[in-house]
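Residue numbers (this note's numbering), protein chains in the order written: chain X, 359 to 502; chain C, 64 to 150.
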Amino acid sequence: MGKRRSILVFVDSSVLFSAVNSPTGGSAKLFTVRLFKLITSPTVLAEVERNVRNKLSSEYLRRFFFLVDGLTVIDQRPNERLVSQAKKVIVEKDAVILAEAKQSMAESIVTLDKKHFFTPKVERFLGKQKVSIPKMLLTITPKT
Amino acid sequence: MIPNIMSVTEARSKLGNLAENVSGEQFILLTKGGRAAAALVDVDYLDKLQKQVKAIWQKTYIDPSLLPYTRKFSDEEIKEWEKEDRF
Numbered sequence: 359m360g361k362r363r364s365i366l367v368f369v370d371s372s373v374l375f376s377a378v379n380s381p382t383g384g385s386a387k388l389f390t391v392r393l394f395k396l397i398t399s400p401t402v403l404a405e406v407e408r409n410v411r412n413k414l415s416s417e418y419l420r421r422f423f424f425l426v427d428g429l430t431v432i433d434q435r436p437n438e439r440l441v442s443q444a445k446k447v448i449v450e451k452d453a454v455i456l457a458e459a460k461q462s463m464a465e466s467i468v469t470l471d472k473k474h475f476f477t478p479k480v481e482r483f484l485g486k487q488k489v490s491i492p493k494m495l496l497t498i499t500p501k502t
Numbered sequence: 064m065i066p067n068i069m070s071v072t073e074a075r076s077k078l079g080n081l082a083e084n085v086s087g088e089q090f091i092l093l094t095k096g097g098r099a100a101a102a103l104v105d106v107d108y109l110d111k112l113q114k115q116v117k118a119i120w121q122k123t124y125i126d127p128s129l130l131p132y133t134r135k136f137s138d139e140e141i142k143e144w145e146k147e148d149r150f
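Quick look at the structure:
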């Protein structure tokens with residue numbers, strides 16, 4: 359039986375923060391599934407770390423570093439042109455992360471912000487890239 | 064590591080012996096009114112812990128030039144994410 363190709367998934371700030379904050383949630387579970395190659399950007403890391411430091415205790419910061427070790431951090435910086443385009447399809451607060459996700463060329467983008475990311479405008483903006491929440495991605499995982 | 068637990072009153076009379084007995088990661092938890100009030104810890108172990116905490120806080124992925132692109136999460140959205148993330 360052939361080896362299954364891993365799916366390239368861009369992890370957004372809501373998912374990384376939640377994986378740190380809640381070890382039993384779907385976001386944390388994603389980090390344990392080999393089927394996914396989880397990637398993120400330096401901007402997501404900076405945003406999540408800033409919030410972990412401000413809102414959670416040092417134990418969570420340690421968990422943040424542990425989880426980041428399981429991610430591939432892509433070498434990219436925010437693209438101003440893409441961010442401007444993203445502002446036209448999503449609320450301003452999420453435009454940077456949406457642009458980062460688009461720029462990453464990941465096959466799938468995982469977020470917990472259904473309200474702002476699951477819209478026809480965002481879908482058109484992302485083209486072939488598909489948006490999911492962790493639970494949705496985990497349902498396509500073979501049982502281990 | 065399960066600590067030895069002892070009241071402050073009980074420990075007072077044998078502090079010298081207790082200090083000699085704490086070593087490595089073994090420590091003694093001192094209670095006052097039934098609640099943990101202090102711990103008697105090997106000074107080398109305390110030093111190690113302090114260094115570990117310092118190392119954790121010094122490590123960072125925060126690139127200052129990226130901070131203008133980041134934002135503070137609100138408590139409301141964190142709660143929403145938790146709800147959505149339940150598995």
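In this text, a Cβ means the ideal position worked out from N, Cα and C, and glycines have one as well. None of the values given here were measured: they were computed from a predicted structure.
According to DSSP, C:R98 sits in a beta bridge with which residue or residues?
Paired residues: C:K95.
If contact means a Cβ-Cβ distance below 7 Å, which residues of the segment 432-463 of chain X contact chain C?
Flagged, chain order: P436, K451 and V454.
For C:I119, return the contacting residues in chain X, with the cut-off set at a CB-CB distance below 8 Å.
Simply S416, L419, R420 and F423.
Pull out every residue of the segment 386-408 of chain X whose Cβ sits closer than 7 Å to any Cβ of chain C, in chain order.
Here the close residues are K387, P400, T401, L403, A404, E405, E407 and R408.
Note down the Cα distance separating X:S385 from C:V71, rounded to an integer number of angstroms.
Distance between the alpha carbons of X:S385 and C:V71: 44 Å.
Taking X:L456 and X:L425 to be in contact with their CB atoms under 8 Å, please state how far apart those CB atoms are, rounded to whole angstroms.
Contact doesn't hold; Cβ gap of about 22 Å is too wide.
Would you say X:S376 faces chain C, with C-beta separation under 7 Å as the test?
So, interface residue.
Just the chain C side, please: which residues come within less than 8 Å of X:T382 by C-beta, in chain order?
Under the 8 Å cutoff, chain C gives F150.
Alpha carbon to alpha carbon, how far is X:T430 from C:V85?
When rounded, the distance between both Cα atoms is 43 Å.
Using 10 angstroms around the beta-carbon of C:W120, count the other beta-carbons present and answer buried if the total reaches 16, otherwise exposed.
The residue is exposed, with fewer than 16 neighbouring Cβ atoms inside 10 Å.
Would you report the Cα separation of C:K77 and C:T94, rounded to the nearest angstrom?
Approximately 15 Å, taken between the alpha carbons.
Just mark X:R408 as buried or exposed, buried being the case when its beta carbon has 16 or more other beta carbons within 10 Å.
When all chains shown are included, X:R408 counts as buried.
Compute the beta-carbon to beta-carbon distance between X:P478 and X:L388, rounded to the nearest angstrom, for a pair I have assumed lies under 8 Å.
X:P478 to X:L388, Cβ: 26 Å. No contact.
For C:P127, which of X:T469, X:R435, X:R392 and X:K395 has the nearest alpha-carbon?
It is X:R435 whose Cα lies nearest to the Cα of C:P127.
Residues of chain X with a CB under 9 Å from the CB of C:K122: which are they?
Within chain X, the residues near C:K122 are L419 and F423.
Can you give me the C-alpha to C-alpha distance between X:K395 and C:E147, rounded to a whole angstrom?
The alpha-carbon atoms of X:K395 and C:E147 are separated by roughly 22 Å.
Judging by CA-CA distance, which residue of X:L419, X:F423, X:V378 and X:K488 is the nearest neighbour of X:S462?
When only C-alpha atoms are compared, the closest one is X:K488.
To the nearest angstrom, how far is the alpha carbon of C:F90 from that of C:D105?
C:F90 and C:D105: Cα-Cα distance of roughly 7 Å.
With a threshold of 16 other CB atoms inside 10 Å of the CB of C:I68, please say whether the residue is buried or exposed.
By the 10 Å Cβ count, C:I68 comes out exposed.
For C:N67, write down the residues that DSSP places opposite it in a beta bridge.
C:I91, per the DSSP bridge assignment.
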